[in-house]
Ligand code: WQD
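In our numbering, the protein residues as written are 412 to 747.
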């Protein structure tokens, strides 16, 4: 029973590969290293002690995708591959539409040609647009506030139409909230090469003294301490949520969306203070104006995943902060 993982060398994809291999699945990875590094594949093998096939290909390449399905008996696909920088998507929308939607269409066509009808799609809580209240259930109205979010929304609609056209399909739309943290081994995690857009990778670069200070984008929001509140989910919990969704799609047909979040909201300053306390390290910060497009707060209603997938998060904010920093410390040692 082989599971194809697109984008399996990426931050979330690599953690999912670890959980898949440890759960006993045969794994096939395809990645073009646009936002990942080949060394991650070795780290996955080191963590699990298991091997897997790898194809360095672009998922937009239908011929390449057909070759993967010709050479492997793929029972299901977990589709992570895609661009994910919100700011970049605003500046280069066509790049995002062409890649994120184009790769998904190429993948679906190849799956159809090979009678593989089971897919878990890496969607995002961003499809809720600007939620009026939290916690946010899957029944919330969907909208998009940037081209990145629009690609996720459009792909959800495309997959819905694919199921309507052929009820043999089994599709899980996994709406991630804010993934942070790293595998406890310190071998895989998140360490962007460029200046990070997201909070936790920015915090770790400030803690590592690679960046001078954290800019807190606004403290005048209608939240507990005025800073933005989000639902942070440990990336290992997120990966386990994919295993739970995979079990469901392997057993059934249909299409369902699931929130993958903790159901708890933490403010920016709470994250900073937890990170400093847990790691006994300073993170200097200053309050800046709000970042355009940000909202006060949102966090998941995780009930549906618990009831239908038997999934709930186990790791808390302390593990998220500790594991995020442990990975960076280990990376530094490896660079010496
Ligand atoms: C979190 C909080 C910021 C950086 C984004 C995408 C979303 C999803 C997750 C893919 C906010 C504040 C941040 C900084 C700060 N990605 N912040 N200083 O914006 O909730 O969601 O990542 O699916 O699609 O939009 O995450 O980590 O950027 O911000 O104060 O340097 O931290 O204002 O309140 P966000 P984030």
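Glycine included, every Cβ here is placed at the ideal spot set by N, Cα and C.
Small disclaimer: the values here were computed from a predicted structure and weren't measured.
Residue i lies in the beta strand (DSSP E); which residues open and close that run?
i, result
"residue 697", "696-699"
"residue 441", "437-442"
"residue 589", "589-591"
"residue 466", "464-467"
"residue 414", "413-417"
"residue 531", "529-535"
Am I right that residue i and residue j are in contact with their C-beta atoms under 8 Å? What's the rounded C-beta distance?
i, j, result
"residue 625", "residue 683", "7 Å"
"residue 587", "residue 555", "That belief does not hold up - the Cβ atoms of residue 587 and residue 555 are roughly 15 Å apart, past 8 Å."
"residue 518", "residue 488", "7 Å"
"residue 735", "residue 593", "6 Å"
"residue 563", "residue 581", "Not quite, the Cβ-Cβ distance comes to about 20 Å (not below 8 Å), so this is no contact."
"residue 590", "residue 423", "6 Å"
Apart from the five residues on each side of it in sequence, which residues of its chain come closer than 6 Å, Cβ to Cβ, to residue i?
i, result
"residue 439", "413, 415, 464, 483"
"residue 468", "441, 475"
"residue 636", "678, 680"
"residue 685", "728, 732"
"residue 706", "541"
"residue 447", "420, 421"
"residue 527", "485"
"residue 561", "555"
"residue 612", "601, 603"
Skipping 5 residues on each side, what residues in its chain have a beta carbon closer than 8 Å to that of residue i?
i, result
"residue 444", "420, 467"
"residue 479", "415, 439, 441, 466, 468, 485, 521"
"residue 547", "536, 539, 670, 709, 710, 711, 712"
Please classify residue i as buried or exposed, where buried requires at least 16 other C-beta atoms within 10 Å of its C-beta.
i, result
"residue 665", "exposed"
"residue 417", "buried"
"residue 647", "buried"
"residue 617", "buried"
"residue 575", "exposed"
"residue 550", "exposed"
"residue 544", "exposed"
"residue 620", "exposed"
"residue 429", "buried"
"residue 663", "exposed"
How far does the alpha helix (DSSP H) with residue i in it reach, from first residue to last?
i, result
"residue 687", "679-690"
"residue 568", "558-576"
"residue 518", "513-524"
"residue 644", "From DSSP, residue 644 is part of no alpha helix (DSSP H) but of the beta strand (DSSP E) over 643-645."
"residue 671", "Unbroken run through residue 671 is the beta strand (DSSP E), 665-671; no alpha helix (DSSP H)."
"residue 489", "It is not in any alpha helix (DSSP H) - residue 489 instead sits in the beta strand (DSSP E) that spans 485-490."
Is there contact here, the stretch 484-502 with the stretch 449-460, by at least three beta-carbon pairs under 8 Å? no
Is it a yes or a no for the stretch 663-675 touching the stretch 507-515, going by three-plus beta-carbon pairs under 8 Å? no
Cβ pair count under 8 Å reaching 3, the stretch 651-670 against the stretch 429-439: yes
Could you tell me whether the stretch 591-605 touches the stretch 733-746, using the rule of 3 or more Cβ pairs below 8 Å? yes
Is there contact here, the stretch 603-617 with the stretch 565-576, by at least three beta-carbon pairs under 8 Å? no
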